[in-house]
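Q:
Numbering (full-length UniProt numbering), first residue to last: 1 to 471.
Listed below in structure tokens is the structure:
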């Protein structure tokens, strides 16, 4: 049943996006918007598939039991932090690669690839060691519930192997997008996600004669899917000669390129730790407030991901296009295009929020949660809609426009203030001093997008991001 529903969902998504892609390409005369839609289409499709997989995972785990759903949600905070490190590495990579691509400097792109891989593989190895050898200690950070700790630790010890594969594949897919090979990147990612949801169903429910493995099955399917993803990346690397690495590239990846990469990546990586660390603390706060709020948040995260998927696609695609213009020192055009990007993102964010509210009865009707968790989820919806609209601007500006020009430090300072000085402090105070109801604590501490918006708007108007970082 789940596989059939997933296949139908994917076919509908592909059909709608192909139609919209054809229609907008024919009707929109603006070159930037045409290019934006063309480059964003595969990114959004892959992101929609990612959200579909997340939705299927949440739905399937909710049919196992709420403990499994909550444990996996908390355990995945480890991978969430790892993904934020990857975001930092990918952002620096995108900023430099897109501008080198604008200058047709493929030799520097190849050398940069090796520089980034060294860092990503080292970080992946560190997270593997922590998750494999210290899973129980990691789970103690997020919850004091013995059942959640035991279930989450079993999951972490297996999924740790997936981190090793991701260290290579995530960077390779980032390079593909940065040189406008988004179709290849989306194809690899889509195959991986489809395999993941198929294997999840097989191992969770014991299809085709396999035993019912529950949470363990989710971890095994993820490891297999990530290994397959790396294999597809290796196969693709042999076909794209523009980033085909040679022995000479290993010797030419010099200190100057490494220094420039670190200059733009370290602030974003630090921002990832700041934001991710704060988000992990917020998850820990909820974990100590009860499993009901954790389960509700698991569903809410998927819902908000669906509402903002197009916005994140615009940010990622816009960063490539703006970076290419800035690499050619076309500052006026980059400024005009950035304004168009913001407008497109806001429209998509508003549409996503409306869609999310319209689908509320469907979502709350199909997930299996306790009565209290379902009540909490219903109370979260207006906040999710507000954040969908506000984050369409803040994320597009910080992750797309600012990073395209190498302006990566602002996001670090902004997130430190908003996440730690507002969300974390107020969450700790309201949850453990005033001891307000869990859903009230959740709503107040997640108003960070509202707090962040004025600062981002002011920085956007300051235009410090308009610069060529390859000069």
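Using N, Cα and C, we set each Cβ at its ideal position, and we do this for glycine too.
Exposed or buried, what is residue 63 when buried is set at 16 or more other beta-carbons lying within 10 Å of its beta-carbon?
A: Exposed, because fewer than 16 other Cβ atoms sit within 10 Å of the Cβ of residue 63.
Q: Would you grab the beta carbon distance between residue 152 and residue 74 for me? Rounded to a whole angstrom, and I think it's under 8 Å.
A: Indeed, because the Cβ distance is near 6 Å, the residues count as touching under 8 Å.
Q: Count the C-beta pairs between the region 321–332 and the region 301–311 that are closer than 8 Å, then say yes if the count reaches three, no if not.
A: No: the two stretches stay apart, fewer than three of their Cβ pairs being nearer than 8 Å.
Q: With a CB to CB cut of under 6 Å and the five nearest residues on each side skipped, what residues in its chain are close to residue 93?
A: Around residue 93: 116, 174.
Q: Within the continuous alpha helix (DSSP H) that includes residue 184, where are the two ends?
A: Where residue 184 is concerned, the enclosing alpha helix (DSSP H) stretches over 182–205.
Q: Here's the rule: buried if 16 or more other CB atoms are within 10 angstroms of the residue's CB, otherwise exposed. What is residue 118?
A: Exposed: under 16 other Cβ atoms inside 10 Å.
Q: For residue 6, is the classification buried or exposed, using 16 other Cβ atoms within 10 angstroms of its Cβ as the cut-off for buried?
A: Because residue 6 sits at a pLDDT of 41, beneath the cut-off of 50, its placement in the model cannot be relied upon, and the following sentence gives the value as read from the coordinates. By the neighbour-count rule (16 or more Cβ atoms within 10 Å), residue 6 is buried.
Q: Comparing C-alpha positions only, which one of 458, 40, 90 sits nearest to residue 393?
A: Per the Cα distances, 458.
Q: By DSSP, does residue 214 sit in helix, in strand, or in coil?
A: It is coil, neither helix nor strand.
Q: Among 400, 218, 273, 346, which residue has its Cα nearest to the Cα of residue 413?
A: The option with the nearest alpha carbon to residue 413 is 273.
Q: Apply the 10 Å Cβ neighbour rule to residue 433 and answer buried if 16 or more other Cβ atoms are within range, or exposed otherwise.
A: With fewer than 16 other Cβ atoms within 10 Å, it is exposed.
Q: What would DSSP say about residue 446, mapped onto helix, strand or coil?
A: Correct three-state label for residue 446: coil.
Q: In or out: residue 226 buried (at least 16 other Cβ within 10 Å) or exposed?
A: Result: buried.
Q: Can you give the Cα-Cα distance for residue 346 and residue 135, rounded to whole angstroms?
A: Going by the C-alpha atoms only, they are around 40 Å apart.
Q: Return the chain-ordered list of same chain residues with a C-beta closer than 7 Å to the C-beta of residue 360, the five sequence neighbours on each side being excluded.
A: Taken in chain order, the residues that qualify are 381.
Q: Around the Cβ of residue 211, are there at least 16 other Cβ atoms within 10 angstroms (buried) or fewer (exposed)?
A: Its Cβ having fewer than 16 others within 10 Å, residue 211 is exposed.
Q: Which class does residue 260 belong to by DSSP, given the choice of helix, strand or coil?
A: Helix.
Q: In chain order, what residues of the same chain lie with their CB nearer than 8 Å to the CB of residue 443, ignoring the 5 residues before and after it?
A: Counting only Cβ-Cβ distances below 8 Å, and skipping sequence neighbours, we find 379, 380, 383.
Q: Among residues of its own chain, excluding the 5 on either side of residue 131, which ones have a beta-carbon nearer than 8 Å to its beta-carbon?
A: Excluding residues within five positions, the ones whose Cβ falls inside 8 Å are 78, 138, 156, 157, 159, 160, 163.
Q: Are the beta-carbon atoms belonging to residue 403 and residue 319 less than 7 Å from one another?
A: The answer is yes: Cβ separation under 7 Å.
Q: In the DSSP assignment, find the unbroken alpha helix (DSSP H) run with residue 87 in it and report its ends.
A: First-last of the alpha helix (DSSP H) with residue 87: 66–102.
Q: For the region 354–386, which segments carrying the beta strand (DSSP E) assignment without a break, of at least 3 residues, lie completely within its bounds, in sequence order?
A: You should have found no qualifying run.
Q: Using DSSP with H/G/I as helix, E/B as strand and the rest coil, what is residue 464?
A: Three-state result, residue 464: coil.
Q: Counting beta carbon pairs with one atom in the region 422–433 and one in the region 205–224, are three or more of them shorter than 8 Å?
A: No, the region 205–224 is not in contact with the region 422–433.
Q: Go ahead and pull the three-state DSSP assignment for residue 458.
A: Three-state result, residue 458: helix.
Q: Quick check: is the beta carbon of residue 226 nearer than 7 Å to any beta carbon in chain B?
A: Absent from the structure: chain B. Only one protein chain is present.
Q: Closest by CA to residue 99, which one among 390, 294, 112?
A: Selected option, being the one with the closest Cα: 112.
Q: On a Cα-Cα basis, can you pick out the residue from 461, 128, 465, 40 that is closest to residue 165?
A: For residue 165, the nearest C-alpha among the options comes from 128.
Q: Rank 296, 400, 421 by C-alpha distance to the C-alpha of residue 363 and give the top, closest one.
A: Minimum Cα distance to residue 363 is reached at 296.
Q: Beta-carbon within less than 7 Å of residue 395's beta-carbon, same chain only, minus the 5 sequence neighbours each way: which residues are those?
A: Here the set comprises 311, 312, 315.
Q: Beta-carbon within less than 7 Å of residue 144's beta-carbon, same chain only, minus the 5 sequence neighbours each way: which residues are those?
A: The residues are 288.
Q: In the structure shown, what three-state DSSP assignment does residue 175 receive?
A: Here residue 175 sits in helix by DSSP.
Q: When we look at the beta-carbon of residue 448 and count the other beta-carbons within 10 Å, is it buried (16 or more) or exposed?
A: Residue 448 should be labelled buried.
Q: Contact defined as beta carbons within less than 8 Å: I believe residue 441 pairs with residue 376. What is the distance between those atoms, to the nearest angstrom?
A: Rounded, the Cβ-Cβ distance is 11 Å, inconsistent with contact.
Q: Please report the Cβ distance between residue 371 and residue 183, rounded to the nearest whole angstrom; I am assuming they are in contact, meaning their Cβ atoms lie under 8 Å.
A: Incorrect: roughly 46 Å between the Cβ atoms, too far for contact.
Q: Mind checking residue 267: buried by the 16 CB within 10 Å criterion, or exposed?
A: Buried is the call here.
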